[in-house]
């Protein structure tokens, strides 16, 4: 009798679940919601923008993150700029943002020269001596790779104002690449001028941050019609062209800006150059400088 009676706690549990008439269950078999409790349901999303508040520093941090996440990206960037502004040193304002106008294009115009570089001088006899010394040194370090070298530029024209920079034009032998001569020329202080003309190689020699020599190296098929030699020949032969070019250089030298100085000579240089090319039966061309 006592064995047939079940414990009071078991009878009460069966009465609640309604499983008394179903018989005993196998060990380990539980119906959903029984034994270990009902499965936990996910909290429904907040309605009307209400969020659960947490106490302490964690609650303040989460609340700040939630507020930031709701702001548009531009507003967040502006808010971050306002927070950083008091920490920026005085006199160092943030750089203005450039509106997006597509990828930046490479500037192919001549490099801007410092203001003190535009120093025009009267023709000097020692410029010819400097050319001969530089030409001998260049031919010595490039044996068998150059077969001609000449003095070009304003320093090669008497009675013409010029910057004290010696310009040289050299012709490479057949099969030699003019753009691969930078290693032997580096021993003389020449470096490849990456921003120079693209149809031939240009090397620059600098002493105390000032240009002293410019070396133009042409392929054999470019030598006879290169603009530098044609423009020099026109100035040597035409006194009126020398006068016009001298007056223009004097006027442009007052600008004290290297780029304006070079761009201002473009129209007259192209006019005289194309006249010389037409006289030799060559097509017209356009160039930044002679």
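Numbering (the numbering used here), first residue to last: 5 to 294. Every residue gets a Cβ at the ideal spot worked out from N, C-alpha and C, and that includes glycine.
- Residues that residue 207 bridges to, as DSSP identifies them: For this step, residue 207 is matched to residue 203 along the chain shown. 196, 219, per the DSSP bridge assignment.
Please identify the residue among 169, 170, 185 whose C-alpha is closest to the C-alpha of residue 144.
Position 140 of the chain shown, counted from the start, is the residue given in the question as residue 144. Among 169, 170, 185, the Cα nearest to that of residue 144 is on 185.
Practice prompt. To the nearest angstrom, report how far apart residue 180 and residue 224 are at their CA atoms.
Written response: Counting from one through the chain shown, the residue named residue 180 turns up at place 176. Counting from one through the chain shown, the residue named residue 224 turns up at place 220. Between the alpha carbons of residue 180 and residue 224 lies a distance of about 9 Å.
Anticipated Cβ contact below 8 Å, residue 207 with residue 196, distance rounded:
Walking along the chain shown from the start, residue 207 turns up at place 203. Walking along the chain shown from the start, residue 196 turns up at place 192. Confirmed, Cβ separation roughly 6 Å.
Where the alpha helix (DSSP H) containing residue 279 begins and where it ends = Counted from its first residue, the chain shown places residue 279 at position 275. From DSSP, the alpha helix (DSSP H) with residue 279 extends over 270 to 283.
Specify, as a first and last residue, the run of the beta strand (DSSP E) that residue 166 falls within. Mapped onto the chain shown, residue 166 falls at position 162. Neither: residue 166 is in no beta strand (DSSP E) and is coded neither H nor E.
Q: Decide if residue 148 is buried, meaning its Cβ has at least 16 other Cβ atoms within 10 Å, or exposed.
A: As a position in the chain shown, residue 148 is number 144, starting the count at 1. Only exposed fits residue 148, as fewer than 16 other CB atoms lie within 10 angstroms of its CB.
Whole angstroms are fine: how far does the CA of residue 231 sit from the CA of residue 289?
By one-based count along the chain shown, residue 289 stands at place 285. By one-based count along the chain shown, residue 231 stands at place 227. Taking the straight line joining both Cα atoms gives about 9 Å.
message: On the criterion of 16 or more Cβ atoms from any shown chain inside 10 Å, does residue 87 qualify as buried, or is it exposed?
response: By one-based count along the chain shown, residue 87 stands at place 83. The residue is exposed, with fewer than 16 neighbouring Cβ atoms inside 10 Å.
- Query: Quick one: what does DSSP say residue 174 is sitting in, helix, strand or coil?
  - Reply: The residue you call residue 174 lines up with position 170 of the chain shown. Strand at residue 174.
Check your understanding: Using the beta-carbon count (16 or more within 10 Å), is residue 167 buried or exposed?
Key -> As a working note, residue 167 is residue 163 in the chain shown. Flag for residue 167 reads buried.
Between 171, 203, 193, 126, which has its C-alpha nearest residue 183's C-alpha? Position 179 of the chain shown, counted from the start, is the residue given in the question as residue 183. Considering only alpha carbons, the answer is 203.
Practice problem: Give the DSSP-derived three-state secondary structure of residue 232 in the structure shown. | Solution: Numbered from its first residue, the chain shown carries residue 232 at position 228. Reduced to three states, the DSSP call for residue 232 is helix.
**Asked** Does DSSP classify residue 237 as helix, strand or coil?
**Response** For the purposes of this step, residue 237 is taken as residue 233 along the chain shown, with counting starting at 1. Residue 237 sits in a helix when the DSSP states are folded into three classes.
How long is the line joining the alpha carbons of residue 191 and residue 176, rounded to whole angstroms?
Start at 1 with the first residue of the chain shown, and residue 191 comes out as number 187. Start at 1 with the first residue of the chain shown, and residue 176 comes out as number 172. Taking the straight line joining both Cα atoms gives about 19 Å.
- Task: Kindly give me the distance between the Cβ atoms of residue 170 and residue 131, rounded to whole angstroms, as I take these residues to be in contact under 8 Å.
- Result: Walking along the chain shown from the start, residue 170 turns up at place 166. Walking along the chain shown from the start, residue 131 turns up at place 127. About 6 Å separates the beta carbon of residue 170 from that of residue 131, a gap short enough to meet the 8 Å contact definition.
- Query: Who are the near neighbours of residue 138 in its chain, counting only those whose CB is closer than 7 Å to its CB and skipping five residues on each side?
  - Reply: Taking the chain shown and counting its residues from 1, one reaches residue 138 at position 134. Excluding positions up to five away in sequence, the list reads 170, 172, 217.
Residue 213 (DSSP reduced to helix, strand or coil): On the chain shown, residue 213 is found 209 positions in, with the first residue counted as 1. Residue state for residue 213 is assigned as coil, using DSSP reduced to three classes.
Fill in: For residue 154, the residue or residues it bridges with in DSSP
As a first step, residue 154 must be located in the chain shown, where it is residue number 150. As a beta-bridge residue in DSSP terms, residue 154 pairs with 173.
Item checked: Range of the contiguous alpha helix (DSSP H) that encloses residue 190 -> The residue you call residue 190 lines up with position 186 of the chain shown. It spans 186 to 190 - the alpha helix (DSSP H) in which residue 190 sits, taken as one unbroken run.
Extent of the continuous alpha helix (DSSP H) run through residue 244: Counting from 1 along the chain shown, the entry for residue 244 is found at position 240. Unbroken alpha helix (DSSP H) run through residue 244: 243 to 257.
Test item: CB-CB of residue 280 and residue 235 under 8 Å: Locating residue 280 in the chain shown gives position 276, where the first residue counts as 1. Locating residue 235 in the chain shown gives position 231, where the first residue counts as 1. Between residue 280 and residue 235, the C-beta gap is smaller than 8 Å, which places the two residues in contact.
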